[in-house]
Amino acid sequence: MPLALLALAIGAFGIGTTEFVATGLLPQVADTFGVSIPAAGYLVTAYAVGVLVGAPVMTLLGTRTSRKSMLALLMLIFVAGNALCAAAPNFPLLLAGRILASFTHGAFFGIGSVVAAGLVAPQRRAAAISMMFTGLTVANVAGVPLGTLVGQAAGWRLTFVLITVLGILGTLGILRFVPADPRPQTAGISGEISALRNPQVLLAMLMTILGFGGVFAAITYIAPILTEVSSFTDSSVVWILAIFGAGLVLGNIIGGRLADTHLMPMLCTALLLLCATLLCFYLTATHQAAAVICTFLVGFFGFATVPPLQKRVLDNAAGAPTLASSLNIGAFNLGNALAAWLGGLTITAGHGYHSPTAVGAAMAATALLTAIASHRLETRRKQRSSIPTHHTHAEEVTAH
Numbered sequence: 253m254p255l256a257l258l259a260l261a262i263g264a265f266g267i268g269t270t271e272f273v274a275t276g277l278l279p280q281v282a283d284t285f286g287v288s289i290p291a292a293g294y295l296v297t298a299y300a301v302g303v304l305v306g307a308p309v310m311t312l313l314g315t316r317t318s319r320k321s322m323l324a325l326l327m328l329i330f331v332a333g334n335a336l337c338a339a340a341p342n343f344p345l346l347l348a349g350r351i352l353a354s355f356t357h358g359a360f361f362g363i364g365s366v367v368a369a370g371l372v373a374p375q376r377r378a379a380a381i382s383m384m385f386t387g388l389t390v391a392n393v394a395g396v397p398l399g400t401l402v403g404q405a406a407g408w409r410l411t412f413v414l415i416t417v418l419g420i421l422g423t424l425g426i427l428r429f430v431p432a433d434p435r436p437q438t439a440g441i442s443g444e445i446s447a448l449r450n451p452q453v454l455l456a457m458l459m460t461i462l463g464f465g466g467v468f469a470a471i472t473y474i475a476p477i478l479t480e481v482s483s484f485t486d487s488s489v490v491w492i493l494a495i496f497g498a499g500l501v502l503g504n505i506i507g508g509r510l511a512d513t514h515l516m517p518m519l520c521t522a523l524l525l526l527c528a529t530l531l532c533f534y535l536t537a538t539h540q541a542a543a544v545i546c547t548f549l550v551g552f553f554g555f556a557t558v559p560p561l562q563k564r565v566l567d568n569a570a571g572a573p574t575l576a577s578s579l580n581i582g583a584f585n586l587g588n589a590l591a592a593w594l595g596g597l598t599i600t601a602g603h604g605y606h607s608p609t610a611v612g613a614a615m616a617a618t619a620l621l622t623a624i625a626s627h628r629l630e631t632r633r634k635q636r637s638s639i640p641t642h643h644t645h646a647e648e649v650t651a652h
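Every letter in the sequence shown is one number past the one before it in my numbering, and letter 247, counting from 1, is 499.
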């Protein structure tokens, strides 16, 4: 794998860390600025909204800029956003820093996926994409816990300082190792938007929303599930989440390797097993061993879908893949928000803290049905295009 992929992975690690680390620092932030915990929670909400809005906006603004230059610019904006967070004298400016940093998220992963896929041979594109996303998965295993510990021990501002340093390293790595590419001359804004007219691109995004939404339906409420249903102690949640993170890393790597040779069979299998795991989690959440195993498998099968989904979007938007790739990153966040909302409804309705896992199973099952439908549509299209057109003698005379 080229060193350019390592540079992209470092950037992904920094972005993944800053996305989730705020959740563990909310009490410290609230104390610093004298706001309530729910008010501090806007740091998380604002970031998610910024990802959804920033993905298409930043991508379209960069359609006439080389991808290498755009990636470096995005990382510089990310550095500025986190530096503002570290130095913010008041809560509104801290919130502004979070939004500024979030605007780079979708475009970085979207453009980065295109660049990563172009660095290797066609038969290794999914593996290259998974290499970049390894930075995001490792952020959940190491970056977020370490960032939380640093913030709790030495102040939350130091956490954002360290993330800023990561952003600088990522920027330098991109400038040094990512090969120069020519400024785009053809697609433009209209070309990027036209790629979204392909039904397969839209179906892949729907699979992303539903499939990864299934993961977050469970993980959003994993703490109360483990403590209230599985009867774990609060301190146990940390190491179980580390096990979940290990599942993310392994699923991402294996999913990337298999997707290069068996994309749709592998994707359908992962979604089927994700659905079965979530259903099993719902039925066995009161058993501690089963809860731990299911938590790992949710991460494993959930992130095994990421490289194939991202590659499928790239393959079907080949002429103008950048916007579609970035929007698919936004689709992950949309799925997370939708799943959290639906899971919250089931808890509010009195179905128990483990009920979101059933919601996740339903979302994963719907994603599987969408994948099957997408594959059948693609197969029929290929069959129709391979049938030679035969003209009768009468038709040929008429034509002449």
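Beta carbons are placed, not taken as given, at the ideal position from N, Cα and C, and that holds for glycine. From a predicted model like this one, the values you see are computed outputs, not experimental measurements.
Can you tell which of the options has the C-alpha that lies nearest to the C-alpha of residue i?
i: A261; options: L352, A348, G422 and A324; result: G422
i: A470; options: Y299, A592, P290 and T269; result: A592
i: G395; options: G268, V565 and L524; result: G268
i: L427; options: S321, V550, G314 and Y299; result: S321
i: M457; options: A528, Y534, Q562 and M518; result: Q562
i: V467; options: G403, L594 and V481; result: L594
i: L448; options: G286, R409, D567 and A335; result: D567
i: V287; options: V273, A339, A623 and L347; result: L347
i: M516; options: Q404, L531, F360 and L621; result: L621
i: A617; options: F464, S365 and V490; result: F464
i: G387; options: A405, T311, A494 and F361; result: F361
i: L258; options: L336, L312, P431 and R350; result: P431
i: L579; options: D486, P476 and V453; result: V453
i: T479; options: R636, A292, Y605 and A291; result: Y605
i: P374; options: F584, A511 and L597; result: A511
i: L326; options: A339, A338 and L312; result: L312
i: L575; options: R316, P279 and P254; result: R316
i: S442; options: T600, A614 and G314; result: G314
i: G364; options: S577, A292 and A340; result: S577
On the DSSP letters alone, give me the boundaries of the alpha helix (DSSP H) that residue i sits inside.
i: F468; result: P451 to I471
i: P344; result: F343 to S354
i: R509; result: S488 to A511
i: P254; result: Element bounds for P254: n/a, residue is neither H nor E.
i: G395; result: Premise fails: G395 is in no alpha helix (DSSP H) and is neither H nor E.
i: A359; result: H357 to G370
i: Y534; result: L515 to T536
i: R409; result: W408 to F429
i: L478; result: No alpha helix (DSSP H) holds L478; DSSP gives it neither H nor E.
Tell me whether the beta-carbon of residue i lies closer than 7 Å to the beta-carbon of residue j.
i: A256; j: F429; result: yes
i: F555; j: G503; result: yes
i: A385; j: T356; result: The question names Ala, yet the displayed sequence has Phe at residue 385. For F385 and T356, no; Cβs fall outside 7 Å.
i: A378; j: G508; result: yes
i: G551; j: L629; result: no
i: G276; j: T400; result: yes
i: G425; j: I581; result: no
i: N334; j: A307; result: no
i: C520; j: A623; result: yes
i: D433; j: S607; result: no
i: G407; j: L530; result: no
i: A274; j: L304; result: no
i: A619; j: L523; result: yes
i: V402; j: L410; result: yes
i: L586; j: I381; result: no
i: P573; j: V366; result: yes
i: F265; j: A391; result: yes
i: S637; j: L455; result: no
i: V413; j: A338; result: yes
Applying the 10 Å Cβ sphere with the 16-neighbour rule, what's the burial state of residue i?
i: R633; result: exposed
i: P397; result: buried
i: H645; result: Only weak support exists for where H645 lies, its pLDDT of 49 falling under 50; the value from the coordinates is given anyway. The residue in question, H645, is exposed, as its Cβ has fewer than 16 Cβ neighbours within 10 Å.
i: H514; result: exposed
i: A541; result: exposed
i: V281; result: buried
i: I289; result: exposed
i: N342; result: exposed
i: G602; result: exposed
i: T270; result: buried
i: L345; result: exposed
i: P559; result: buried
i: T538; result: exposed
i: S482; result: buried
i: W491; result: exposed
i: A610; result: buried
i: T389; result: buried
i: D283; result: exposed
i: R350; result: buried
i: T297; result: exposed
i: R564; result: buried
i: D486; result: exposed
i: H652; result: Any reading at H652 must be qualified, since the residue scores a pLDDT of 49, below 50, and its modelled position is unreliable; the value itself is stated next. Burial call: exposed.
Taking only beta-carbon atoms, is residue i less than 7 Å away from chain D?
i: A379; result: Checking the listed chains, one finds no chain D in this structure; it contains a single protein chain.
* Only counting runs of 4 or more residues, tell me where the alpha helix (DSSP H) segments fall wholly within the region 264 to 321, in order along the chain. => Those alpha helix (DSSP H) runs which fall completely within the region 264 to 321 and span 4+ residues are 289 to 292 and 294 to 313.
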